[in-house]
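Each residue of the sequence shown is one higher than the one before, starting from 25 at the first, in the working numbering. Glycine included, each C-beta is placed from N, C-alpha and C at the ideal position. First comes the structure, then the notes that go with it.
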Amino acid sequence: MRSRVKAVRGDDGILGEKLGPLVLQFPFFNRAEFKSQSDFLDRLIPFLKKLPEGYKFAVEIRNKEWLDAQFAGVLRDFGTALVLQDQSRMPAPSELSQRFDPITTDWTCIRWLGDRKSIERLTTTWNKTVVDRTNEIKSWVDFCFETIRRGIKVFGYANNHYGGHAPATITQFRELWRGKGLPESVKPLPKPLKERTLFDL
């Protein structure tokens, strides 16, 4: 794993601060591969223990029934982020938040992926927007704003298969952010003071 990380970073550290999260992207696993979330975690945890320090790692899975407080807790224990996806058949953060906190470290990773099969029926040339994602991106703007106010750094990635043209997706996000009058730099909310007890007097 260390050699692969070095290959991405470059031995001379050329990426520097531009090196973002390294995503461990897992496909959908059927029951022949892993019978349960527990079986998957039995393999994942030893792997997470061996990850080199000094890098940001995020885990993306496609088995939506495994996304629960236990899974998030494992990632939190290792300072690893849960990838938040806007992808067909995967739950949005608003849905996840009803069951557990999907933010597992002091930063998070969002991937706007879309529906590959559906959009490829419309185009295979990725030079313009062909699917209107305005409503979805508006929701993400609100989510990102509230997340940053928690003191969480947000990394975002857009795939061409999301709307048809990844740069246009990022541009629209920025325009909608500014359109809501949100500041370029968001100050985190102050953390609530710990409630004092008789023993603190």
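Going by beta carbon distance, what residues of the same chain come within less than 6 Å of R135, once the five residues before and after it are set aside?
On the sequence shown, position 111 is the one that residue 135 refers to. The residues are V107, Q109 and Y181.
Looking only at C-alpha atoms, which of S142, F169, W150 and A56 sits nearest to R113?
Along the sequence shown, read from residue 1 onward, the residue named residue 113 stands at position 89. Residue S142 is the option with its Cα nearest to R113.
Could you check where the beta strand (DSSP E) with L137 kicks off and where it finishes?
Along the sequence shown, read from residue 1 onward, the residue named residue 137 stands at position 113. L137 -> beta strand (DSSP E) spans W131 to G138.
Which partner residues does L108 have in the DSSP bridge list?
Locating residue 108 in the sequence shown gives position 84, where the first residue counts as 1. The partner list for L108 (beta bridge, DSSP) reads I134.
Please check if any C-beta of chain D sits within less than 7 Å of the C-beta of F58.
The structure shown contains no chain D; it is built from a single protein chain.
Taking the continuous alpha helix (DSSP H) assigned at E199, which residues delimit it?
Within the sequence shown, residue 199 is the residue found at index 175, counting from 1. Here the alpha helix (DSSP H) through E199 covers A190 to G203.
Could you check whether G188 and K162 sit closer than 7 Å to each other, using their CB atoms as the reference points?
Stepping through the sequence shown from its first residue, residue 162 is reached at position 138. Stepping through the sequence shown from its first residue, residue 188 is reached at position 164. Not closer than 7 Å, so no.
State buried or exposed for A192, treating a residue as buried only when at least 16 other CB atoms are found within 10 Å of its CB.
Here residue 192 refers to the residue found at position 168 when the sequence shown is read from its first residue. By the neighbour-count rule (16 or more Cβ atoms within 10 Å), A192 is buried.
Tell me whether R123 is buried or exposed, calling it buried when 16 or more other Cβ atoms sit within 10 Å of its Cβ.
Numbered from its first residue, the sequence shown carries residue 123 at position 99. By the neighbour-count rule (16 or more Cβ atoms within 10 Å), R123 is not buried but exposed.
If the criterion is Cβ atoms closer than 7 Å, does the pair F50 and P117 meet it?
Indexing the sequence shown from 1 puts residue 50 at position 26. Indexing the sequence shown from 1 puts residue 117 at position 93. Cβ distance not < 7 Å, so F50 and P117 don't count as in contact.
Could you pull the DSSP bridge partners for L99 from this structure?
Position 75 of the sequence shown, counting from 1, holds the residue named residue 99. Answer is none; L99 lacks a bridge partner.
G180 bridges to which residues according to DSSP?
Within the sequence shown, the letter at position 156 stands for residue 180. Answer is I134, bridged to G180.
Buried or exposed: where does N184 fall if 16 or more other Cβ atoms within 10 Å of its Cβ makes it buried?
For the purposes of this step, residue 184 is taken as the residue at position 160 of the sequence shown. The residue in question, N184, is buried, as its Cβ has 16 or more Cβ neighbours within 10 Å.
Would you say the region 144-151 touches the region 193-201, given that touching needs at least three Cβ pairs under 8 Å?
Counting Cβ pairs under 8 Å, fewer than three are found: no touch.
Can you tell me whether L120 is buried or exposed, with buried defined as 16 or more other CB within 10 angstroms of its CB?
By one-based count along the sequence shown, residue 120 stands at place 96. The residue in question, L120, is buried, as its Cβ has 16 or more Cβ neighbours within 10 Å.
How many whole angstroms separate the CB atoms of F53 and F64, which I take to be in contact at a CB cut-off of 8 Å?
As a working note, residue 53 is residue 29 in the sequence shown. As a working note, residue 64 is residue 40 in the sequence shown. Between F64 and F53 the Cβ distance is about 7 Å, and since that is below 8 Å, they are a contact.
Is the separation between the beta-carbon of T128 and that of I176 shorter than 7 Å?
Residue 128 sits at position 104 when you count from the first residue of the sequence shown. Residue 176 sits at position 152 when you count from the first residue of the sequence shown. Contact: no.
Who does F81 pair with in a DSSP beta bridge?
The count along the sequence shown starts at 1 and reaches residue 81 at position 57. DSSP, once it has assigned bridges, lists L46 as partnering F81.
Under 7 Å between the Cβ atoms of K88 and P115?
On the sequence shown, position 64 is the one that residue 88 refers to. On the sequence shown, position 91 is the one that residue 115 refers to. Against a cut-off of 7 Å, the Cβ pair of P115 and K88 comes out as a contact.
Under the assumption that K73 contacts L46 (Cβ atoms under 8 Å), give the Cβ distance between them as a whole number of angstroms.
As a position in the sequence shown, residue 73 is number 49, starting the count at 1. As a position in the sequence shown, residue 46 is number 22, starting the count at 1. Between L46 and K73 the Cβ distance is about 16 Å, and since that is not below 8 Å, they are no contact.
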